[in-house]
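Engineer: Let me begin by handing over the structure; questions about it come next.
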């Protein structure tokens with residue numbers, strides 16, 4: 001009812017139902033991004049593309065800048081350009097072989113490209129250098145990659161991730177998905193329940209980041 005009244009008010013204000021619909025959708029999107037956060041950001045991809053272009057121009061002038069190459073590779077990974085990022089990372093292995101972040105990024109690329117053995121080896125190198133690198137993200141990426149081909153291994157990696165990052169709702173959600181795929185409905189339901197319980201216990205500043213996993217767990221538990 002409130003949306004209908006708002007639509008009527010916007011139509012009266014702008015004198016056009018079409019403009020009123022557009023404004024209403026923008027308002028809903030802004031509120032959803034602010035309080036729920038399930039919808040994708042419209043601004044972030046544009047900023048990322050601009051940053052990628054900036055670093056490419058920089059490397060054209062300074063082709064041996066290792067830090068710039070690392071940053072460009074990270075942005076390409078965020079953009080889903082794993083093959084391009086991998087090529088850049090392989091070119092700086094000698095300079096970065098002692099960096100946990102480097103091996104984590106390279107492992108992310110190889111896992112995404114289906115090179116599971118290489119990706120697993122690189123992620124283990126990252127974790128050997130720094131067990132808490134990127135808040136345990138290598139464990140999560142490994143669990144995602146093995147969730148279908150080796151669910152038992154995926155569960156083991158998720159358990160390790162939970163030990164490193166005890167405030168991550170995503171770990172419980174993905175654990176529930178793996179259990180559901182194995183037909184273990186009770187274990188899956190428990191994992192989804194633990195996800196929601198963890199979310200409720202989080203401080204307010206962390207809830208927005210973890211909210212989507214709690215909502216997804218709620219939906220999965222009702223399906």
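Residue numbers (full-length UniProt numbering): 1 to 223. For each residue, glycine too, the CB sits at the ideal point set by N, CA and C.
(1) On the three-state DSSP scale, how would you describe residue 132?
(2) Taking residue 75 and residue 84 to be in contact with their CB atoms under 8 Å, please state how far apart those CB atoms are, rounded to whole angstroms.
(3) Considering only the beta carbon of each residue, do residue 139 and residue 155 sit closer than 9 Å?
(4) From residue 106 to residue 214, what does the alpha carbon distance come to, in whole angstroms?
(5) Short of 6 Å in beta carbon distance, which residues of its chain neighbour residue 59, apart from the five on each side in sequence? Order them along the chain.
(6) Span of the alpha helix (DSSP H) holding residue 210?
(7) Considering residue 54, what are the terminal residues of the alpha helix (DSSP H) in which it resides?
(8) Take the Cβ of residue 103 as the centre, count every other Cβ of all protein chains shown within 10 Å, and call the residue buried at 16 or more, exposed below.
Structural biologist: By the coordinates alone:
(1) coil
(2) No, residue 75 and residue 84 are not in contact; Cβ-Cβ is about 10 Å, not under 8 Å.
(3) no
(4) 30 Å
(5) 68
(6) 204 to 222
(7) 44 to 61
(8) buried
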